[in-house]
Amino acid sequence: MTDPSPTTRHPGARILVVDDEDSTRHLLVRALSLMGFTAHGAASGRVALEMLQQTPFDLVLLDLRMPDLDGVAVLQFIQEQDLDVEVVLLTAHATLESAIAAVRAGAHDYLLKPCPFPQIVSSIEKALDQRRAQQHLRRAAHLLHEALAVLEAPEDRETVPSAPSPARFLQVGSLVLDREKKLVIRGDETIALSPLETEILALLMAHPGQVFPPRAIVRAIHGFDVSEAEARDLVRAPIYRLRRKLEPDPTSPRYIQTVRGSGYLFAYPAPPTKPTRS
11 MTDPSPTTRH PGARILVVDD EDSTRHLLVR ALSLMGFTAH GAASGRVALE
61 MLQQTPFDLV LLDLRMPDLD GVAVLQFIQE QDLDVEVVLL TAHATLESAI
111 AAVRAGAHDY LLKPCPFPQI VSSIEKALDQ RRAQQHLRRA AHLLHEALAV
161 LEAPEDRETV PSAPSPARFL QVGSLVLDRE KKLVIRGDET IALSPLETEI
211 LALLMAHPGQ VFPPRAIVRA IHGFDVSEAE ARDLVRAPIY RLRRKLEPDP
261 TSPRYIQTVR GSGYLFAYPA PPTKPTRS
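For our numbering, add 10 to where a residue sits in the sequence shown, where the first one is 1.
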């Protein structure tokens, strides 16, 4: 007997169901899998954090109240780490305060248990529609940036090359950025970057310690203005990739830090620890 054809317009979308009630979690994972999603379960907030760090998901269906780590804390982690994932809350423990906190932390929707399964699916589909639209916007902006970079690049010459721009190399602490070759040099290690990653990192490294809102980053890199929400969507993915490439621990960034509610900064090098005198 074969499985039924997918009935979702997002077949294969990866969904993480986070709920400490075993029966609810297993039922939702099974039902969503039958719909055509790729569904996985997490029995606690801490397990969810581990899975989110190891596996890319498209959406998290999240219980709000759990014994070890509540849903708002998971939401805040997703925001702080700039994970490209939508969140739908499903909870039996609703208060006005929790709803406001969830929306402020970036939840797409807030559903109350018991909730009909078609309503859950409808909310998931809408969240994934929004995510797809945001991804298309990011891709369009990236292609525009690449096209402008090609058009503005100087013609190749086979004669003696001109001297590199003074801004070709940027160094902050142990990191050196070569904008021309699109490389980061850290000791004996070289790390390749995309053109967009290079320009964002150059902007941040040229002004260490200065907070750049997402709109300012988009304006500086792409040359056009967008809304704050659109800017966050455009910047989130390249910042995430930069952290994966540069940070010793991407979950606790040392270089590219998020200033909650404001933007991003490239942190000053940590001062050396001075020995204490007895």
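Positions of the beta carbon are idealized from the N, C-alpha and C atoms, including for glycine.
Note that the structure is predicted; figures quoted are calculated from it, not measured.
What is the rounded straight-line gap between the Cα of residue i and the Cα of residue j?
i	j	result
residue 22	residue 180	42 angstroms
residue 229	residue 259	29 angstroms
residue 266	residue 63	17 angstroms
residue 182	residue 244	25 angstroms
residue 93	residue 178	30 angstroms
residue 116	residue 262	20 angstroms
residue 204	residue 241	19 angstroms
residue 85	residue 269	16 angstroms
residue 255	residue 65	16 angstroms
residue 132	residue 246	26 angstroms
residue 61	residue 239	26 angstroms
residue 91	residue 231	22 angstroms
residue 17	residue 140	18 angstroms
residue 264	residue 196	14 angstroms
residue 145	residue 123	31 angstroms
residue 257	residue 201	11 angstroms
residue 129	residue 110	21 angstroms
residue 44	residue 236	39 angstroms
residue 223	residue 147	18 angstroms
residue 251	residue 206	11 angstroms
residue 199	residue 253	16 angstroms
residue 191	residue 89	32 angstroms
Can you tell which of the options has its C-alpha closest to the C-alpha of residue i?
i	options	result
residue 37	133, 71 and 97	71
residue 249	208, 150 and 61	208
residue 30	67, 140 and 74	74
residue 56	68, 47, 27 and 45	27
residue 100	76, 232 and 18	76
residue 10	134, 234 and 122	No statement about residue 10 is possible, as the shown extent of the chain runs from 11 to 288 and does not include it.
residue 184	110, 215, 191 and 206	215
residue 127	42, 198, 257 and 253	42
residue 107	252, 82 and 150	82
residue 125	102, 200 and 251	102
residue 234	192, 150 and 89	150
With a threshold of 6 angstroms, establish whether the CB of residue i neighbours any heavy atom of the ligand HEM.
i	result
residue 24	Among the components of this structure there are no ligands whatsoever, and the ligand HEM is therefore not found.
Would you say residue i and residue j are within 7 angstroms of each other, going by their C-beta atoms?
i	j	result
residue 272	residue 221	yes
residue 219	residue 274	no
residue 58	residue 49	no
residue 119	residue 95	no
residue 69	residue 143	no
residue 289	residue 187	Coverage of the chain is limited to positions 11 through 288, which leaves residue 289 absent and any answer about it impossible.
residue 300	residue 24	Residue 300 is absent from the model: the chain starts at 11 and stops at 288.
residue 32	residue 54	no
So is residue i buried or exposed if we call it buried at 16+ other beta carbons inside 10 Å?
i	result
residue 276	buried
residue 290	Any question about residue 290 goes unanswered here, given that the chain covers just 11 to 288.
residue 40	exposed
residue 225	buried
residue 80	buried
residue 35	buried
residue 189	buried
residue 19	exposed
Could you tell me whether the Cβ of residue i comes closer than 7 angstroms to any Cβ of chain C?
i	result
residue 178	Structure shown: chain C not included; a single protein chain is present.
- Please specify which runs of the beta strand (DSSP E), each continuous and at least 3 residues long, are wholly inside the segment 20-78, giving them in chain order. Runs of the beta strand (DSSP E) lying entirely within the segment 20-78 and spanning at least 3 residues, in chain order: 24-28, 48-52 and 69-72.
- Could you pull out every unbroken alpha helix (DSSP H) segment of at least 4 residues lying fully inside the segment 192-280, listed in chain order? 205-215, 224-232 and 238-256
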